[in-house]
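The structure appears right after this line, and notes come after that.
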Amino acid sequence: MAEDMLGKKINRLKEILRELKSFAIAFSGGVDSTFLLAIASELPDIDIIAITSSSPMTPVREVKKAKEIAARLKVKHTIIKTNPLESPSLKANPPERCYICKKILFTKFLNLAEKQGLRYLTDGTNYDDLKAYRPGLRALKELGIRSPLAEAVFTKEDIRRYSKIIGLPTWNAPPLACLATRIPCNEEITTAKLKMIDRAEEFILSLGFKQVRVRYHHPIARIELDPADISRLVEPSIRKKAVKRLKAIGFGHITIDMEGYRSGSMDGQKN
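All the letters of the sequence shown, read from the start, carry residue numbers 152 to 422 under the working numbering.
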């Protein structure tokens, strides 16, 4: 029964994409946008490109990953350099930061799509996102962005399950979020802070951890990991490496959040 329902959703998704016919996909390289791009790439007689933003708020590793996946799927891929921090209202990091950021980025994406002669801009918002705290969704609605996965009622579980069936490397990938979500609301976002966070997370991931957030409470770095990985991080040899590296990056005190990784731990943000 579950497989039949998933099959119906796939058929509906393909119908939506065929109706759009000509569109760009806001592509992060995450679970959802990769799935959307993969399904779209299989359909004949449609015109698509993937657009990825490279900005101080995007981890370098994620831009690299997006480039690799787009190449694997043989889809035309454009990476545009942006800097949302040029907006004073975004830099101030208010609770509606995600709305401001989406409005800035997706306006640029729309302009690029229009220059390419494409009719629509789409994104990877799924059906579960519609029921969660996602302030950026208001910006998408205002700009007329289409969300085919949500329209076809694809949940996150559906997307992961079908991604595994068709062999996508992202089927079990951890969720992505911009680096600004590591900074408490109403504390100014700066490029220097974002670079510290990115470098710290990159190092911890290099130690073999899959899911990590380094929350910025300068001079404190609060590390969130999958709860099952906490004991490994505190092993003497790994702990010493992590402390040494994060202090070299600029953090004065290194702490581990005993609750582990959880979306939305920064002032109600979903990240």
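Glycine is no exception: its CB is placed at the ideal position from the N, C-alpha and C atoms. Owing to the predicted nature of the structure, the values given are computational and were not obtained by experimental measurement.
CB-CB length for residue i against residue j, believed under 8 Å
i	j	result
P299	T258	Contact doesn't hold; Cβ gap of about 20 Å is too wide.
F402	A372	4 Å
R364	Y412	6 Å
I381	I407	6 Å
A351	I400	5 Å
L397	R390	Not quite, the Cβ-Cβ distance comes to about 11 Å (not below 8 Å), so this is no contact.
Coil, strand or helix - residue i by DSSP
i	result
K421	Note that K421 scores a pLDDT of 42, beneath 50, so its modelled location is shaky; the value from the coordinates is reported in the next line. In this structure, K421 counts as coil in the three-state DSSP scheme.
K225	coil
D309	helix
H404	strand
D198	strand
E410	coil
E338	coil
E302	helix
T273	strand
V394	helix
E154	helix
A290	helix
E353	helix
R383	helix
R366	strand
A372	strand
R333	helix
K159	helix
Distance CB(residue i)-CB(residue j) smaller than 7 Å
i	j	result
S205	V214	yes
P325	Q362	yes
G181	I220	no
K253	A283	no
A201	F178	yes
K172	I199	no
L330	M409	no
P235	I255	yes
I176	T203	no
V189	L224	Note on residue identity: the sequence assigns Ala, not Val, to residue 189. Closer than 7 Å, so yes.
L376	F360	yes
I251	L241	yes
Y313	R297	no
L194	L157	no
L281	A301	yes
W322	R311	yes
Cβ of residue i within 7 Å of any chain B Cβ
i	result
L263	Of the protein chains in this structure there is only one, and it is not chain B.
| field | Segment contact flag, the segment 331–345 with the segment 167–185, C-beta cutoff 8 Å, min 3 pairs | value | no
| Touch check for the segment 268–288 and the segment 305–316: three-plus C-beta pairs under 8 Å? | yes
| Ordered list of beta strand (DSSP E) runs contained in the segment 161–194, each at least 3 residues | Counting only runs of 3+ residues, the beta strand (DSSP E) found wholly inside the segment 161–194 occupies 173–177, in chain order.
| request: Quick one: which unbroken beta strand (DSSP E) runs of 3-plus residues sit fully inside the segment 203–267? Chain order, please. | output: 228–232
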